[in-house]
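So the structure is just underneath, and the comments pick up after that.
Number of protein chains: 2
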Amino acid sequence: MTTTASNTTAPTQLLRVKNATYAYRRFGGGPGLPLLCLQHFMGTLDNWDPAVTDPLASGREVILFDNAGIGKSTGEVPTTVAGMAAHALAFLDGLGSTRCDVLGFSLGGMVAQQMAQDRPAIFRRIILAGTAPRGGEDIMHLHKPSLARHLADPSLDGYARLAKLFFTSSPSSQAAGQAFVGRLERRKEDLDPVSGQAVAAAQIAAFREWERSSGAPFVDLRSIEQPALVVNGVHDEMIPISNSYRLVENLPNAVLLAYPDSGHGSLFQFHESFTRQASAFLGSDSPFAPY
Amino acid sequence: MTTTASNTTAPTQLLRVKNATYAYRRFGGGPGLPLLCLQHFMGTLDNWDPAVTDPLASGREVILFDNAGIGKSTGEVPTTVAGMAAHALAFLDGLGSTRCDVLGFSLGGMVAQQMAQDRPAIFRRIILAGTAPRGGEDIMHLHKPSLARHLADPSLDGYARLAKLFFTSSPSSQAAGQAFVGRLERRKEDLDPVSGQAVAAAQIAAFREWERSSGAPFVDLRSIEQPALVVNGVHDEMIPISNSYRLVENLPNAVLLAYPDSGHGSLFQFHESFTRQASAFLGSDSPFAPY
Chain V
1182 MTTTASNTTA
1192 PTQLLRVKNA
1202 TYAYRRFGGG
1212 PGLPLLCLQH
1222 FMGTLDNWDP
1232 AVTDPLASGR
1242 EVILFDNAGI
1252 GKSTGEVPTT
1262 VAGMAAHALA
1272 FLDGLGSTRC
1282 DVLGFSLGGM
1292 VAQQMAQDRP
1302 AIFRRIILAG
1312 TAPRGGEDIM
1322 HLHKPSLARH
1332 LADPSLDGYA
1342 RLAKLFFTSS
1352 PSSQAAGQAF
1362 VGRLERRKED
1372 LDPVSGQAVA
1382 AAQIAAFREW
1392 ERSSGAPFVD
1402 LRSIEQPALV
1412 VNGVHDEMIP
1422 ISNSYRLVEN
1432 LPNAVLLAYP
1442 DSGHGSLFQF
1452 HESFTRQASA
1462 FLGSDSPFAP
1472 Y
Chain E
1182 MTTTASNTTA
1192 PTQLLRVKNA
1202 TYAYRRFGGG
1212 PGLPLLCLQH
1222 FMGTLDNWDP
1232 AVTDPLASGR
1242 EVILFDNAGI
1252 GKSTGEVPTT
1262 VAGMAAHALA
1272 FLDGLGSTRC
1282 DVLGFSLGGM
1292 VAQQMAQDRP
1302 AIFRRIILAG
1312 TAPRGGEDIM
1322 HLHKPSLARH
1332 LADPSLDGYA
1342 RLAKLFFTSS
1352 PSSQAAGQAF
1362 VGRLERRKED
1372 LDPVSGQAVA
1382 AAQIAAFREW
1392 ERSSGAPFVD
1402 LRSIEQPALV
1412 VNGVHDEMIP
1422 ISNSYRLVEN
1432 LPNAVLLAYP
1442 DSGHGSLFQF
1452 HESFTRQASA
1462 FLGSDSPFAP
1472 Y
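Protein sequences appear in the order of chains V and E.
Heads up: the first sequence begins at 1182 in this note's numbering, then just goes up one per residue.
Heads up: the second sequence begins at 1182 in this note's numbering, then just goes up one per residue.
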């Protein structure tokens, strides 16, 4: 049962299925289907910004999920997005959830796309933030100068580095980044273990595999018929916005919302707008994505 | 004074300034600044969809404007966007309007950009639908096959041709096109003269001039600091969506909203969503475009 409606205080729970144990948090409630939230590269339950999760939890239950090998979930981190999708589906099966909405951010957006293809009935509506289709370009190339300069900067610790990577260099974006870090730091107890280099290596392998297109590029997107909301910052250096352009040009039923002055973390920078738009999108019963 | 709040029934009015007379309609009211609406290639006051203008008129006065040489406005159609912008500014001066919001569709969106550069204080917020920046690509090339097949089809009359040009070939988009035509046809009296080949020739010349970039492409957009909402259909054949990508990548403060299954007339196809989004955008007092 939900004891609190914030990711600042929601307890981490464990679900045992077959040979695995998955860590998750669930909180909130309302008339909507549950919203499964799938996380970014190296991210844990603690990386979900309460300014994003908590307003969404006022209209539905929000379920945050640690994939295999992340946080307190057991097992090995898969080296393919398909492997991660299989774990996420096994988790939903273990919960007894046969249909939900999904918010996939970055790597989590790739996992959401794969799940929608592997089990089309599982999702009613799909939100894809800062992510890329299979066959996308320039996905998480951490050695390129715009990213490496932050990753190699010894003066940055974990959250400070995240503020550099997820936000642009503009004063307004960096201020939003500091506010984002402050919100993550509100949670003081029951924290996930921080992801290490083994997690990074497996997930980078998954990005490289995801960049390879089998056959005509983006054709596989046409089978994802659910209404989709695609969100991206126009200056995203981690997964450039061109990937979101390809998503909405090829998904048959997707709206694109692109934010200015922002990078990979545009949904955190403009959390008031994002949660308003996402709530309207999730609250719609139209067969069409526009809301 | 406003006698009705619909473009189906609002009377056409004439404003005399210096050497010109401009035709316009104004209707509606509310707390917002007036919304100046700038029209597309060959479009007159009668081409404004009441499903778009009327909901917007419930929160502010909507002002529809025939540029020089269009409808019942006197003078020659300028062969440059800058010439059209000068007329629109002269019209606002004649009305005594020193500050308003603007909705520029297609050619009208180019005029709005030029006005914002020529007189930065004139607009508070800017909506650019189905348009392109100076130096944009593939702007209204009517001889390309995807457009020429409709323009050369003798079985199509004016509004039926518009439904082919503004909407995609999908059944849902064509159905929306028929509904759009039906809404335009509701107005039976006090109609504008239909634009002819002289109008087309001058406006096409303006498109060709607008495609030419002087200096580094898109740099001029950085001076348009107002919050902007950019809207485009993902399958726009008249002014491809790549132009809207360039707009939001270079305007410092612009949100992009891209609609699926739709072409040049995406704002008419998804008029319920568009007017909801536009009303929220126009209703915001934030210095940032996200709403």
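Ideal placement from N, C-alpha and C gives every residue a C-beta, glycine not left out.
Neighbourhood of residue i by C-beta, 8 Å cutoff - its chain only, sequence neighbours within 5 removed
{"i": "THR1183(V)", "result": "Residue placement at THR1183(V) is poorly supported in this model, since its pLDDT is 45, which falls under 50; the coordinates are not used for a value here."}
{"i": "GLN1359(E)", "result": "ALA1344"}
{"i": "GLU1406(V)", "result": "PRO1301, PRO1433 and ASN1434"}
{"i": "ARG1367(E)", "result": "THR1189 and PRO1231"}
{"i": "ASP1373(E)", "result": "THR1193, ALA1204, THR1225, LEU1226, ASP1227, ASP1247, ILE1251, GLY1252 and LYS1253"}
{"i": "ASP1299(V)", "result": "ALA1263, ALA1266, ALA1267 and LEU1270"}
{"i": "ASP1334(E)", "result": "ARG1342 and LYS1345"}
Other residues of its chain near residue i: CB distance less than 7 Å, five sequence neighbours each side excluded
{"i": "ILE1420(V)", "result": "SER1287, GLY1311, THR1312, ALA1313, ILE1320, MET1321 and HIS1445"}
{"i": "HIS1331(E)", "result": "LEU1337, ARG1342, LYS1345 and LEU1346"}
{"i": "SER1465(V)", "result": "TYR1472"}
{"i": "SER1423(V)", "result": "GLU1318"}
{"i": "LEU1323(E)", "result": "ALA1329 and LEU1332"}
{"i": "LYS1325(E)", "result": "none"}
Residue i versus the options, residue with shortest Cα-Cα distance
{"i": "GLU1257(E)", "options": "LEU1216(E), ALA1387(E) and LYS1325(E)", "result": "ALA1387(E)"}
{"i": "VAL1429(V)", "options": "ALA1409(V), GLY1213(V) and TRP1391(V)", "result": "ALA1409(V)"}
{"i": "GLN1194(E)", "options": "GLY1240(E), PRO1236(E) and LYS1253(E)", "result": "LYS1253(E)"}
{"i": "GLY1224(V)", "options": "LEU1216(V), ILE1251(V), VAL1198(V) and LEU1214(V)", "result": "ILE1251(V)"}
{"i": "PHE1451(V)", "options": "SER1467(E), ASN1200(E) and GLN1295(E)", "result": "SER1467(E)"}
{"i": "GLY1317(E)", "options": "ALA1439(E), LEU1437(E) and PHE1399(E)", "result": "PHE1399(E)"}
{"i": "ASP1401(V)", "options": "LEU1276(V), GLY1240(V) and MET1291(V)", "result": "MET1291(V)"}
{"i": "PHE1455(E)", "options": "PRO1441(V), PHE1455(V), ALA1470(V) and ASP1442(V)", "result": "ALA1470(V)"}
{"i": "LEU1432(E)", "options": "PRO1441(E), GLU1453(E) and ARG1403(E)", "result": "ARG1403(E)"}
{"i": "GLY1234(V)", "options": "VAL1411(V), VAL1415(V) and ARG1364(V)", "result": "Note on identity: in this sequence residue 1234(V) is Thr, with Gly being the wrong assignment. Cα-wise, what sits closest to THR1234(V) is ARG1364(V)."}
{"i": "MET1296(E)", "options": "PRO1326(E), ASP1371(E), HIS1324(E) and ALA1263(E)", "result": "ALA1263(E)"}
{"i": "GLY1275(E)", "options": "LEU1196(E), ALA1329(E), LEU1219(E) and THR1255(E)", "result": "LEU1196(E)"}
{"i": "ARG1280(V)", "options": "GLN1298(V), LYS1199(V) and LEU1214(V)", "result": "LEU1214(V)"}
{"i": "GLY1289(E)", "options": "PRO1335(E), ALA1333(E), LEU1323(E) and LEU1219(E)", "result": "LEU1219(E)"}
{"i": "PRO1441(E)", "options": "GLU1390(E), HIS1416(E), GLY1285(E) and ALA1379(E)", "result": "HIS1416(E)"}
{"i": "THR1255(E)", "options": "GLY1285(E), THR1202(E) and PHE1222(E)", "result": "THR1202(E)"}
{"i": "ALA1438(E)", "options": "GLU1418(V), ASN1413(V) and GLU1453(V)", "result": "A small fix is needed here, since residue 1438(E) is Leu in this sequence, not Ala. With distances taken between Cα atoms, LEU1438(E) lies closest to ASN1413(V)."}
{"i": "LEU1309(V)", "options": "HIS1221(V), LYS1199(V), ASN1200(V) and VAL1198(V)", "result": "HIS1221(V)"}
Close-in-space but distant-in-sequence residues of the same chain around residue i (CB under 6 Å, 5 per side omitted)
{"i": "HIS1268(E)", "result": "ASN1248 and ALA1249"}
{"i": "ALA1186(E)", "result": "PHE1208, GLY1209 and ALA1238"}
{"i": "VAL1478(E)", "result": "Because chain E here runs from 1182 to 1472, residue 1478(E) falls outside it and cannot be looked at."}
{"i": "ALA1383(V)", "result": "VAL1258 and THR1260"}
{"i": "PRO1212(V)", "result": "none"}
{"i": "ARG1198(E)", "result": "Looking at the sequence itself, residue 1198(E) is Val, so the reference to Arg does not match. ALA1271 and GLY1275."}
{"i": "VAL1375(V)", "result": "none"}
{"i": "TRP1391(V)", "result": "VAL1262, MET1291 and ARG1315"}
Bridge partners - residue i, DSSP secondary structure assignment
{"i": "ASP1282(E)", "result": "LEU1216(E)"}
{"i": "THR1189(E)", "result": "Note: THR1189(E) sits in no beta bridge, so no partner."}
{"i": "PHE1168(E)", "result": "Nothing can be reported for residue 1168(E), as the shown portion of chain E is limited to 1182 through 1472."}
{"i": "ASN1434(V)", "result": "According to DSSP, which records beta bridges pairwise, ASN1434(V) is partnered with nothing at all."}
{"i": "TYR1179(E)", "result": "In the structure as shown, chain E starts at 1182 and stops at 1472, and residue 1179(E) therefore has no counterpart that could be examined."}
{"i": "ASN1413(V)", "result": "ALA1439(V)"}
{"i": "LEU1309(E)", "result": "GLY1285(E) and VAL1411(E)"}
Residue i CB to nearest heavy atom of the ligand NAP below 7 Å
{"i": "GLY1213(V)", "result": "No copy of the ligand NAP appears in this structure; indeed no ligand is present at all."}
At what residue ranges does the stretch 1330–1381 of chain V contain a whole run of the alpha helix (DSSP H), taking only runs of 4 or more? Uninterrupted alpha helix (DSSP H) stretches at least 4 residues long and entirely within the stretch 1330–1381 of chain V occur at 1339–1347 and 1352–1365, given in chain order.
Does the stretch 1216–1235 of chain E touch the stretch 1451–1468 of chain V, meaning 3 or more C-beta pairs lie closer than 8 Å? Remark: fewer than three beta-carbon pairs, one from each stretch, lie closer than 8 Å, so the stretch 1451–1468 of chain V and the stretch 1216–1235 of chain E are not flagged as touching.
Is the stretch 1441–1457 of chain V close to the stretch 1346–1355 of chain V, with three or more CB pairs under 8 Å? They touch, by the three-pair rule.
Indicate whether the contact test is met: 3 or more Cβ pairs, each with one atom in the stretch 1268–1282 of chain V and one in the stretch 1387–1397 of chain V, closer than 8 Å. With a cut-off of 8 Å, the stretch 1387–1397 of chain V and the stretch 1268–1282 of chain V do not count as touching, because too few Cβ pairs lie within range.
Contiguous alpha helix (DSSP H) assignments of at least 4 residues, all confined to the stretch 1205–1280 of chain V: With a minimum length of 4 residues, the continuous alpha helix (DSSP H) runs that stay inside the stretch 1205–1280 of chain V are 1231–1237 and 1262–1276.
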